[in-house]
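Here is the structure we will look at.
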Amino acid sequence: MAEALMLVQFLNALATAGANILPMLEKVSTLIQKRRTEGKTFTKEDLEALLDEGDALEAAARKQFQDTLSDPNTPH
Amino acid sequence: MKRILAVIALAFLLGGCAANLTKPETFIERAAYAEASAQGYIKTLSALTCQKYTAAGVCASPGRPLHPARSVGYLDTLSKARAAAKIAIGMPLTGGECLGQPSTPEACLALASSMLLEVERILTEAQTKGK
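As they're listed, the protein sequences go chains A and B.
Taking the working numbering, the leading residue of the first sequence gets 1, the next gets one more, and so forth.
Taking the working numbering, the leading residue of the second sequence gets 1001, the next gets one more, and so forth.
Set out below in structure tokens:
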């Protein structure tokens, strides 16, 4: 019974809270599965490609924040 | 609800599995899930941060409760978590240094996970305030 409740809670969480996190997890999950289907493994090169995307995402977010901070209307 | 998702994400990082996501079987795959979580948190942080203020100093976009100065700090934490995961995958099994401390690959990835969970907690609070 407790496990069923946990499952419901988990599904609700996926439905309501996963707007940004879940798609990223699914992307990795899909690639891992693809590699296994190909008879291969998820490699360090696969991870490095993901890390490069993360670097770009982090840089874009940092620029967004800095741009707003440099706006004279932004309270400090 | 978000807390549950975060715990599940952490379970993935620690080698568990849930729902229809592919269970990680290698350290590299667990590190990939950590990185994916970090990227999701960066997107969430960006979406919750005010981008434009009015001349009166009020955020012009409703539902974006975070001030960019605070968000820079949270982004720094996410950056450290990502760095720890990167260090972990390059670290010898016998151990090495992780963010200035002696560590093992497992401990270094666990450190990354704990930092991700800390940011998740902050973002959950911010999302609640933003509604």
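By construction, the Cβ of each residue, glycine as well, lies at the ideal position given by its N, Cα and C atoms.
Secondary structure of residue 1/A, DSSP reduced to three states: Indexing the first sequence from 1 puts residue 1/A at position 1. Confidence is the limiting factor: at residue 1/A the pLDDT is only 47, short of 50, which leaves the residue's position unreliable and the question unanswerable from this model.
Cβ of residue 1111/B within 8 Å of Cβ of residue 1084/B? The residue you call residue 1111/B lines up with position 111 of the second sequence. The residue you call residue 1084/B lines up with position 84 of the second sequence. Yes, they are a contact pair.
What three-state label does DSSP hand residue 17/A in the structure shown? Here residue 17/A corresponds to residue number 17 of the first sequence, with the count starting at 1. The pLDDT assigned to residue 17/A is 43, lower than 50, so where the model puts this residue is not dependable, and the model offers no usable value.
Looking at the unbroken alpha helix (DSSP H) that takes in residue 1068/B, where does it start and where does it end? Numbered from 1 along the second sequence, position 68 holds the residue referred to as residue 1068/B. Run containing residue 1068/B: 1068-1090, per the alpha helix (DSSP H) assignment.
Taking 8 Å as the threshold (beta carbon to beta carbon), is residue 59/A in contact with chain B? Position 59 of the first sequence, counted from the first residue, corresponds to residue 59/A. Not one chain B Cβ lies under 8 Å of residue 59/A.
Under 8 Å, with one C-beta from each stretch per pair, do the region 1100-1110 of chain B and the region 1020-1031 of chain B reach the 3-pair mark? yes
Taking 7 Å as the limit between beta carbons, can you name the residues of its chain near residue 1060/B, skipping five residues before and five after? Here residue 1060/B refers to the residue found at position 60 of the second sequence. The residues are 1052, 1053, 1054.
Nearest chain A C-beta to residue 1039/B closer than 8 Å, yes or no? The residue given as residue 1039/B occupies position 39 in the second sequence. Yes, contact with chain A.
Length of the line joining the Cα atoms of residue 1102/B and residue 20/A: Translated into the one-based positions of the second sequence, residue 1102/B becomes position 102. Translated into the one-based positions of the first sequence, residue 20/A becomes position 20. Approximately 33 Å between the Cα atoms of the pair.
Sorted by chain position, which residues of the same chain lie with C-beta nearer than 7 Å to residue 1057/B's C-beta, five sequence neighbours on each side aside? Here residue 1057/B refers to the residue found at position 57 of the second sequence. Hits under 7 Å: none found.
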